[in-house]
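Structure first, then comments.
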Amino acid sequence: MEQSYYLIREDFLPEAMKKTLEAKALIERGKADSVADAVQMVDLSRSAFYKYRDGIFPFHTIVKERIITLFFHLEDRSGTLSQMLAMVADAGCNVLTINQNIPLQGKANVTLSLNTSGMKEDINVLIQSLKGLEFVEKVEILGSGA
C-alpha cells in the first residue's frame with residue numbers, strides 16, 4: 001500500500017511528535033547514547049518515541065535528492081532575482097525552472113523549482129536566509145517531489 005505524506009507546520013504538531021524529532025536528533029548527533037537517554041533528555045516516554053519514530057521526519061530529510069518548488073512575493077527592485085539565485089547556488093541547489101511575472105504596483109512574483117540533492121545545508125536554513133533578504137516579503141513552499 002502506498003503511503004501518503006503531508007507537510008505540516010511545526011506549531012500544529014502534538015508535543016509528543018516534536019519531542020520524538022528532538023530525541024531522534026540527539027541520537028543522530030551523538031548527544032545521547034541510547035533511546036532511553038534521548039527520551040529522558042526531552043521528557044518523552046519510550047512508548048511515544050517508538051510510536052512516532054518511523055513516521056515523523058524533519059522536512060529536509062524528505063526533500064533530500066528531490067525537487068522543491070518555492071514561490072516568492074518580492075518588492076520590485078533591480079538585482080533581486082540575481083541576488084536570490086546567487087544565494088540558491090551558494091547553498092548547492094540546482095535551478096531547474098524560473099518563472100517571473102511582470103511586476104505590478106511595485107510587487108513581483110517568482111517561482112523557482114530547485115534540485116536539492118547537492119545542498120550543503122538544510123533546506124530550512126536556505127528558506128530562512130531567503131526570507132531574510134530585504135526585498136523578500138514572503139516565501140512559500142508549493143511542493144516537493146522526486
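Under full-length UniProt numbering, the sequence shown is numbered contiguously, ending at residue 146. Cβ coordinates follow ideal geometry from the N, Cα and C atoms, glycine included. Quick caveat, the model's predicted, so the values are computed rather than measured.
From residue i to residue j, what distance separates their C-alpha atoms?
i: P14; j: I8; result: 11 Å
i: L81; j: S117; result: 22 Å
i: V110; j: L74; result: 8 Å
i: L133; j: P58; result: 24 Å
i: A23; j: I102; result: 46 Å
i: Y5; j: L70; result: 18 Å
i: L104; j: E10; result: 33 Å
i: A86; j: Q128; result: 15 Å
i: E121; j: G106; result: 32 Å
i: M41; j: A108; result: 46 Å
How about residue i and residue j: are their beta carbons less than 8 Å apart?
i: L142; j: A91; result: no
i: T20; j: I67; result: no
i: A25; j: A48; result: no
i: V139; j: L114; result: no
i: R29; j: V39; result: no
i: F12; j: R77; result: no
With H, G and I counted as helix, E and B as strand and the rest as coil, what does DSSP make of residue i?
i: Q40; result: helix
i: F72; result: strand
i: K120; result: coil
i: residue 168; result: Summary: the structure shown does not reach residue 168, with the chain confined to residues 1 through 146, and so no result is reported for it.
At what residues does the alpha helix (DSSP H) containing residue i begin and finish?
i: Q83; result: 80-90
i: L26; result: 15-28
i: K51; result: 46-52
Can you tell me where the beta strand (DSSP E) with residue i in it begins and where it stops?
i: K31; result: Where K31 is concerned, there is no enclosing beta strand (DSSP E), given that its DSSP letter is neither H nor E.
i: L7; result: Premise fails: L7 is in no beta strand (DSSP E) and is neither H nor E.
i: N94; result: 94-100
i: L104; result: Unbroken run through L104: none, as it is neither H nor E.
In terms of DSSP beta bridges, what is residue i paired with?
i: I141; result: L70
i: L126; result: According to DSSP, L126 bridges with nothing at all.
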